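Peer 1: Here it is, the structure in full.
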Amino acid sequence: MNYMKTPLDPEPIEAIEAATQAYDVSEQIGHLLRKAYQRHLAIFSQTIGDPQLTAVQFAVLSASRRMGPSSMSDLGKATAIDGATVRGIIERLRGRALIELKTNLADRRKTTVELTDAGRDLVERATPAAQRVSELTMSDLNEVERVAALMLLRKLSASAPA
1 MNYMKTPLDP EPIEAIEAAT QAYDVSEQIG HLLRKAYQRH LAIFSQTIGD
51 PQLTAVQFAV LSASRRMGPS SMSDLGKATA IDGATVRGII ERLRGRALIE
101 LKTNLADRRK TTVELTDAGR DLVERATPAA QRVSELTMSD LNEVERVAAL
151 MLLRKLSASA PA
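If you're matching positions, the sequence shown starts at 1 in UniProt numbering and goes up one per residue.
This is the structure we're talking about:
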């Protein structure tokens with residue numbers, strides 16, 4: 001048995017090799033979350049009723065409806081979407097006349113994002129379908145598993161990265 005240790009890890013080389021060989025990406029949390037999210041996105045696109053609307057676009061529209069006139073930064077925080085991505089989403093929604101950008105009256109250097117009437121109508125029409133998407137995404141889980149899954153996901157997403 002070789003008990004040489006690597007400079008970064010005090011474990012014997014054999015233990016490191018065994019752990020490396022035992023690592024199965026298909027059983028890792030990131031992989032499983034990604035697969036669950038891909039399933040959710042497929043259900044979303046089949047259910048939402050607007051072939052041009054993506055899940056993240058709906059999230060921004062829905063947050064905008066709930067929050068009212070908001071900054072891009074606030075919408076990004078509310079939807080857990082980074083600044084560059086939220087800007088691109090808003091531009092695409094603006095191109096569809098679902099969102100408009102207005103100068104903030106309190107501070108003319110700032111821009112406010114607001115739903116247009118068409119954006120508001122789309123959110124109102126799509127919300128029941130979006131609720132159905134959530135139901136279908138968790139359809140293989142019983143009620144206790146659904147509550148547990150949501151509780152665990154909230155806990156994981158509330159924790160700051162180590």
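Even glycine gets a Cβ: it sits at the ideal position worked out from N, Cα and C.
It should be emphasised that the depicted structure is a prediction, and the values quoted were computed from it without experimental measurement.
Please identify the residue among ARG120, ASP50, LEU33, GLN28 whose C-alpha is closest to the C-alpha of LEU61.
Peer 2: Looking at the Cα atoms, ARG120 is the closest of the given residues.
Peer 1: With a 10 Å radius around its C-beta and 16 neighbouring C-beta atoms as the bar for buried, classify MET72 as buried or exposed.
Peer 2: Classification of MET72: buried, given that the 10 Å Cβ count is 16 or more.
Peer 1: Classify GLY83 as buried or exposed, calling it buried when 16 or more other Cβ atoms lie within 10 Å of its own Cβ.
Peer 2: The residue is exposed, with fewer than 16 neighbouring Cβ atoms inside 10 Å.
Peer 1: For ASN104, tell me which candidate among ARG96, ALA97, VAL113 has the shortest Cα-Cα distance.
Peer 2: Cα-wise, what sits closest to ASN104 is VAL113.
Peer 1: Run through the DSSP bridge pairs and tell me what SER70 is partnered with.
Peer 2: DSSP lists VAL113 as partners of SER70.
Peer 1: For LEU101, write down the residues that DSSP places opposite it in a beta bridge.
Peer 2: Bridge partners of LEU101: VAL113.
Peer 1: Helix, strand or coil: how does DSSP classify GLY119 here?
Peer 2: It is helical.
Peer 1: I'd like to know if the stretch 77-94 and the stretch 43-62 are in contact, where contact means that at least 3 CB-CB pairs between them fall below 8 Å.
Peer 2: The stretch 77-94, when compared against the stretch 43-62, does touch it at the 8 Å Cβ threshold.
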